[in-house]
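Visitor:
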Amino acid sequence: MYSCKYKKEDKMKKIVSVALCGMMAAGLVAVPAMAEDLPILGAGIYSSTDNFNSYIGKAIVKASEGKFKVNIDDGQLDQSTQLNQIDTAIAKGAKAIAVSVVDTTAAPAIIQKVQDAGNIPVIFFNKEITDKNVVNSYDNLYQVTSTGGDYGATIEGEMIAKYWKAHPEADKNGDGKIQFIDLMGDPGHTASQPRADYVKKAIEDAGIELDVLEEDTGMWDTAKAKEKMDAWISKYGDEIEFINCANDAMALGALQSIEAAGFNEKGAESEKYIPVIGIDALPEALEKIRSGEMMGSVLQDASTQGTLIVEIAQNLINGKEPLDGTGFKFDTDGSKAVRVPYKPVTVENVDEAAATYEGNAVSTEVETEAQ
Numbered sequence: 224m225y226s227c228k229y230k231k232e233d234k235m236k237k238i239v240s241v242a243l244c245g246m247m248a249a250g251l252v253a254v255p256a257m258a259e260d261l262p263i264l265g266a267g268i269y270s271s272t273d274n275f276n277s278y279i280g281k282a283i284v285k286a287s288e289g290k291f292k293v294n295i296d297d298g299q300l301d302q303s304t305q306l307n308q309i310d311t312a313i314a315k316g317a318k319a320i321a322v323s324v325v326d327t328t329a330a331p332a333i334i335q336k337v338q339d340a341g342n343i344p345v346i347f348f349n350k351e352i353t354d355k356n357v358v359n360s361y362d363n364l365y366q367v368t369s370t371g372g373d374y375g376a377t378i379e380g381e382m383i384a385k386y387w388k389a390h391p392e393a394d395k396n397g398d399g400k401i402q403f404i405d406l407m408g409d410p411g412h413t414a415s416q417p418r419a420d421y422v423k424k425a426i427e428d429a430g431i432e433l434d435v436l437e438e439d440t441g442m443w444d445t446a447k448a449k450e451k452m453d454a455w456i457s458k459y460g461d462e463i464e465f466i467n468c469a470n471d472a473m474a475l476g477a478l479q480s481i482e483a484a485g486f487n488e489k490g491a492e493s494e495k496y497i498p499v500i501g502i503d504a505l506p507e508a509l510e511k512i513r514s515g516e517m518m519g520s521v522l523q524d525a526s527t528q529g530t531l532i533v534e535i536a537q538n539l540i541n542g543k544e545p546l547d548g549t550g551f552k553f554d555t556d557g558s559k560a561v562r563v564p565y566k567p568v569t570v571e572n573v574d575e576a577a578a579t580y581e582g583n584a585v586s587t588e589v590e591t592e593a594q
């Protein structure tokens, strides 16, 4: 029942107020759901230090407006912490769980928790559970990731090859090989090694030889990547002809390092220039692409992924097919994954990439709930 109160004013206002009360009581006027009436979506990312994960979290929050009560928990790179957060979400009555897991080997433990909670849906995102036995052990399990296999690195490698062929001046020593730096992701992440392998394969498939000067992990992190790059730029200086990074956070760290050493300060027109490329097309990286300081990136669409996660969760708790009304299909490889395609980003289409973040805050901070 709705309670309608009004002051004794003019007669017409009374009539309108009484009429509205009657319509609301009869269900003829749509009334927005109050926050306390919304179902709870338990959602967590493995670390707020991962910029891309943070953007997915923000996209989940935005897409949940009017649909779910949601708080993005920060797993802080600790699996025990994340498991406790899932326990808390379930105890609060979560109708579905969405999680970018710290360690993919913890998936069975998470599945057990949601089974024990009444077989509620679980949606894994960003870090794919690749063990099909685990995936198929629970009917109410689904995944949202980017297009798999090459994890965007084939596009990245093709972009490098295209740039190299269009810019003969990039071959500083004229040996026909790219003197190459490769900043890899966290060794425990399912995308890390494939990105390292496929980027090089795409370059070599284009008929270009690589001379890999250094290849090491920057742990997806800006500060750690800068630390690595500080040592390498000091060691090799202008010998470096390309810096490839497995994500934009590391590309931004590498850029900070080389700019401090006098490179790329005026974008592509700099007297000393090293092309830098990443993956994710984060807003911060898009600004560097627009200015010419970065050569490019590969868009990994956080906004679409976050929206899909919410739509799947809502469909499942309402008894619908998981992808009903989304326009997406599951991969046919048995992964139960929806894959959002990557797109190459250069200065030519940087504004189009930036448009994917419209309405999504550019801060990489994620609201977390103390446990």
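Using this note's numbering, the letters of the sequence shown correspond one by one to residues 224 to 594.
We put the beta carbon where it would ideally sit given N, CA and C, even for glycine.
Taking 8 Å as the cut-off, does the segment 470-484 touch the segment 498-514 (at least 3 CB pairs, one atom from each stretch)?
Guide: Yes, they touch.
Visitor: Helix, strand or coil for residue 533, going by three-state DSSP, please let me know.
Guide: It is helical.
Visitor: Which same chain residues end up closer than 6 Å to residue 316 when comparing Cβ atoms and leaving out the 5 residues on each side of it in sequence?
Guide: Excluding positions up to five away in sequence, the list reads 263.
Visitor: With a floor of 4 residues, list each alpha helix (DSSP H) that falls wholly inside the segment 435-520, ordered by position along the chain.
Guide: Entirely contained in the segment 435-520, the alpha helix (DSSP H) runs reaching 4 residues are, in chain order, 445-459, 471-483 and 506-514.
Visitor: Would you mind sorting residue 350 into buried or exposed? The rule is 16 or more other CB atoms within 10 Å of its CB.
Guide: By the 10 Å Cβ count, residue 350 comes out buried.
Visitor: Any idea what DSSP makes of residue 325, helix, strand or coil?
Guide: Reduced to three states, the DSSP call for residue 325 is coil.
Visitor: Report the partner residues of residue 566 according to the DSSP bridge assignment.
Guide: Partner(s): 522.
Visitor: Quick one: what does DSSP say residue 267 is sitting in, helix, strand or coil?
Guide: Three-state result, residue 267: strand.
Visitor: For residue 444, count the other beta carbons within 10 Å of its own beta carbon; 16 or more makes it buried, fewer makes it exposed. Which is it?
Guide: Residue 444 comes out buried.
Visitor: Got a sec? Which residues, its chain only, sit under 8 Å from residue 245 by beta carbon, not counting five neighbours each side?
Guide: Note that residue 245 has pLDDT 42, beneath the 50 cutoff, so the model's placement of it is unreliable and no number is given.
Visitor: Could you tell me which whole beta strand (DSSP E) segments of length 3 or greater appear in the segment 395-429?
Guide: The segment 395-429 contains these whole beta strand (DSSP E) runs: 400-407.
Visitor: Does DSSP put residue 303 in a helix, in a strand, or in coil?
Guide: Looking at residue 303 - three-state DSSP - the assignment turns out to be helix.
Visitor: Is the CB of residue 464 under 8 Å away from at least one CB in chain C?
Guide: Given the protein chain composition of this structure (a single chain), no chain C is represented.
Visitor: Less than 8 Å between the C-beta atoms of residue 401 and residue 465, yes or no?
Guide: For residue 401 and residue 465, yes; Cβs fall inside 8 Å.
Visitor: Can you give me the C-alpha to C-alpha distance between residue 529 and residue 574, rounded to a whole angstrom?
Guide: Straight-line Cα distance between these residues: approximately 21 Å.
Visitor: In chain order, what residues of the same chain lie with their CB nearer than 6 Å to the CB of residue 577, ignoring the 5 residues before and after it?
Guide: Correct list, in chain order: 509.
Visitor: Apply the 10 Å Cβ neighbour rule to residue 579 and answer buried if 16 or more other Cβ atoms are within range, or exposed otherwise.
Guide: Residue 579 should be labelled buried.
Visitor: Compute the distance between the beta-carbons of residue 352 and residue 335, then report whether it is under 8 Å.
Guide: Not a contact, by the Cβ cut-off of 8 Å.
Visitor: Report the partner residues of residue 287 according to the DSSP bridge assignment.
Guide: BP columns for residue 287 are empty, so no partner.
Visitor: Can you check whether the CB of residue 298 is closer than 8 Å to the CB of residue 277?
Guide: Going by C-beta atoms, residue 277 is not nearer than 8 Å to residue 298.
Visitor: Taking the C-alpha atoms as reference points, what is the distance between residue 581 and residue 302?
Guide: So the two alpha carbons sit approximately 32 Å from each other.
Visitor: Given this structure, state the Cα-to-Cα distance separating residue 389 from residue 514, to the nearest angstrom.
Guide: Cα-Cα distance, rounded: 19 Å.
Visitor: Quick check on residue 273: does DSSP put it in helix, strand or coil?
Guide: Residue 273: coil per DSSP, three-state reduction.
Visitor: So, do the segment 354-361 and the segment 319-331 have three or more beta carbon pairs nearer to each other than 8 Å?
Guide: With the cut-off at 8 Å, the segment 354-361 and the segment 319-331 touch.
Visitor: What did DSSP end up calling residue 538 once you bin it into helix, strand or coil?
Guide: Looking at residue 538 - three-state DSSP - the assignment turns out to be helix.
Visitor: Going by beta carbon distance, what residues of the same chain come within less than 7 Å of residue 559, once the five residues before and after it are set aside?
Guide: The answer, listed in chain order, is 358, 364, 365, 366 and 553.
Visitor: Residue 521 and residue 378: beta carbons closer than 8 Å?
Guide: It is a contact, given that the beta carbons lie within the stated cut-off.
Visitor: What separation, rounded to the nearest whole angstrom, lies between the Cα atoms of residue 403 and residue 310?
Guide: Roughly 45 Å separates the two Cα atoms.
Visitor: Just confirm the distance between the C-beta atoms of residue 261 and residue 290, as a whole number of angstroms; I'd bet it's less than 8 Å.
Guide: Residue 261 to residue 290, Cβ: 7 Å. Contact.
Visitor: Assign residue 547 to one of three DSSP states: helix, strand, or coil.
Guide: Residue 547: coil per DSSP, three-state reduction.
Visitor: For residue 467, count the other beta carbons within 10 Å of its own beta carbon; 16 or more makes it buried, fewer makes it exposed. Which is it?
Guide: By the 10 Å Cβ count, residue 467 comes out buried.
Visitor: Is residue 574 helix, strand or coil when you go by DSSP?
Guide: Three-state DSSP puts residue 574 in a helix.
Visitor: Return helix, strand or coil for residue 432, following the three-state DSSP convention.
Guide: Of the three classes helix, strand and coil, the one that applies to residue 432 here is strand, per DSSP.
Visitor: If we ignore side chains and look at the alpha-carbon of each, how far apart do residue 339 and residue 321 end up?
Guide: Roughly 16 Å between the two C-alpha positions.
Visitor: If we count Cβ pairs, one from each stretch, closer than 8 Å, do we get three or more for the segment 474-493 versus the segment 429-436?
Guide: Touching, no.
Visitor: So, helix, strand or coil for residue 353, using DSSP?
Guide: Reduced to three states, the DSSP call for residue 353 is coil.
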